[in-house]
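**Q** Numbering (the numbering used here), first residue to last: 6 to 191.
For each residue, glycine too, the CB sits at the ideal point set by N, CA and C.
Being a predicted model, the structure only gives us computed values, none of them experimental.
Written out as structure tokens, the structure reads:
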């Protein structure tokens with residue numbers, strides 16, 4: 006299970022316009038993160054974040070073992086977050102410095118990931134009211150990098166304990182109109 010690879014090219018979308026404007030009902034890009042092209046290093050930190058508008062946050066007992074990684078071959082291997090040395094649960098989130106996201110309506114999250122083993126990469130959210138959520142939908146093992154898109158309105162959410170990174174039960178109709186942090190965990 007040590008061969009777990011994770012990369013997040015987070016493409017988060019938010020709804021800015023009402024449904025009355027049919028030509029504008031698809032949300033625009035909120036942020037994107039492509040980790041800095043620097044040598045591999047433990048632990049993952051703010052200096053690895055490429056987008057100057059984003060803050061990285063780490064949570065859980067395994068957070069100190071998260072690695073910003075890369076391989077020289079193949080030459081198109083992206084820079085990514087690797088959790089293979091983590092002895093406990095972990096979570097990585099990104100927070101926009103000046104804005105929160107509205108993940109209602111036709112909002113989507115898209116990432117590129119390559120994973121091995123039995124773990125499943127899930128979306129995590131921190132709402133403005135302090136509530137933490139984890140998605141029922143996930144991304145699982147693949148032999149090569151894969152882009153996966155999640156339709157937020159299709160996801161069932163569960164409450165998440167941000168200290169232990171453990172799901173604590175269903176979240177009934179969470180308000181996703183004011184999301185502070187967007188991340189992932191396995």
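Let me check understanding here. Comparing Cα to Cα, which of 183, 93, 105, 137 lies closest to residue 176?
**A** That would be 137, whose Cα lies nearest to the Cα of residue 176.
**Q** Going residue by residue through the region 122 to 175, where are the continuous beta strand (DSSP E) segments of at least 3 residues, counting only ones entirely within it?
**A** Qualifying beta strand (DSSP E) stretches, in chain order: 126 to 132, 137 to 144, 151 to 156, 162 to 166, 171 to 175.
**Q** Please tell me whether residue 73 and residue 99 are closer than 8 Å, where the distance is taken between their beta carbons.
**A** Their beta carbons are not under 8 Å apart, which means residue 73 does not touch residue 99 by this criterion.
**Q** Between residue 170 and residue 126, what straight-line distance do the alpha-carbon atoms span, to the nearest angstrom?
**A** If I take the Cα positions, the gap works out to 13 Å.
**Q** Return the bridge partner residues of residue 190 from the DSSP annotation.
**A** In the DSSP output, where bridge partners are listed per residue, residue 190 has 127.
**Q** Over the uninterrupted beta strand (DSSP E) stretch that includes residue 73, give me the two end residues.
**A** That run of the beta strand (DSSP E) goes 72 to 74.
**Q** Quick one: what's got a C-beta closer than 7 Å to residue 157's C-beta in the same chain, skipping five residues either side?
**A** Here the set comprises 108, 112, 113, 114, 181.
**Q** At the level of alpha carbons, what is the spacing between residue 26 and residue 154?
**A** In this predicted model, residue 26 has a pLDDT of only 49, less than 50, meaning its place in the structure is not dependable; the value taken from the coordinates is given anyway. Straight-line Cα distance between these residues: approximately 24 Å.
**Q** Among residues of its own chain, excluding the 5 on either side of residue 84, which ones have a beta-carbon nearer than 6 Å to its beta-carbon?
**A** So the list reads 40, 42, 75, once near-sequence residues are dropped.
**Q** Looking at the strands, I want to know which residues DSSP matches up with residue 185.
**A** BP columns for residue 185 are empty, so no partner.
**Q** Can you tell me where the beta strand (DSSP E) holding residue 117 begins and where it ends?
**A** Where residue 117 is concerned, the enclosing beta strand (DSSP E) stretches over 113 to 118.
**Q** Which residues does DSSP list as the beta-bridge partners of residue 64?
**A** In the DSSP output, where bridge partners are listed per residue, residue 64 has 96.
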